[in-house]
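Reviewing the structure listed below.
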Amino acid sequence: MKTVDQLPLNEVQLSLLRMFARPMSEDQTLKIKRALVQFLSDELDNEIEKVVKQKNITDNDFEKLRKQHQRTPKK
Numbered sequence: 007m008k009t010v011d012q013l014p015l016n017e018v019q020l021s022l023l024r025m026f027a028r029p030m031s032e033d034q035t036l037k038i039k040r041a042l043v044q045f046l047s048d049e050l051d052n053e054i055e056k057v058v059k060q061k062n063i064t065d066n067d068f069e070k071l072r073k074q075h076q077r078t079p080k081k
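Numbering (my numbering), first residue to last: 7 to 81.
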């Protein structure tokens, strides 16, 4: 089995571990997970908007990509 070199935890990760180093209910855990996922989703949306503006990508460009066949044939 391959081993993966672990990166040291960054400051945000350490802060989160300290904040949540206490017993929590399943409901609390789920709420925290949802909040973190929402935060990351918002960050991703912002980054996508930024790239779309920088590269002048239009709805028409997205439509072309959606209809384009991009799969490679099986070997």
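Backbone N, C-alpha and C fix where the C-beta goes; we use that ideal spot for every residue, glycine too.
Fair warning: this is a prediction, and the values are worked out from it, not measured in the lab.
If you draw a straight line from the alpha carbon of residue 64 to that of residue 26, how long is it in whole angstroms?
-> As a first step, residue 64 must be located in the sequence shown, where it is residue number 58. As a first step, residue 26 must be located in the sequence shown, where it is residue number 20. Looking at the two C-alpha atoms, the distance is approximately 43 Å.
CA nearest to the CA of residue 41, picked from 22, 28 and 67 | For this step, residue 41 is matched to residue 35 along the sequence shown. The shortest C-alpha separation from residue 41 is found at 22.
Identify whether residue 73 lies in helix, strand or coil by the three-state DSSP scheme.
-> Walking along the sequence shown from the start, residue 73 turns up at place 67. Correct three-state label for residue 73: helix.
Could you tell me the distance, in whole angstroms, from the CA atom of residue 16 to the CA atom of residue 43?
-> For the purposes of this step, residue 16 is taken as residue 10 along the sequence shown, with counting starting at 1. For the purposes of this step, residue 43 is taken as residue 37 along the sequence shown, with counting starting at 1. Using only the alpha carbons, I get a separation of about 18 Å.
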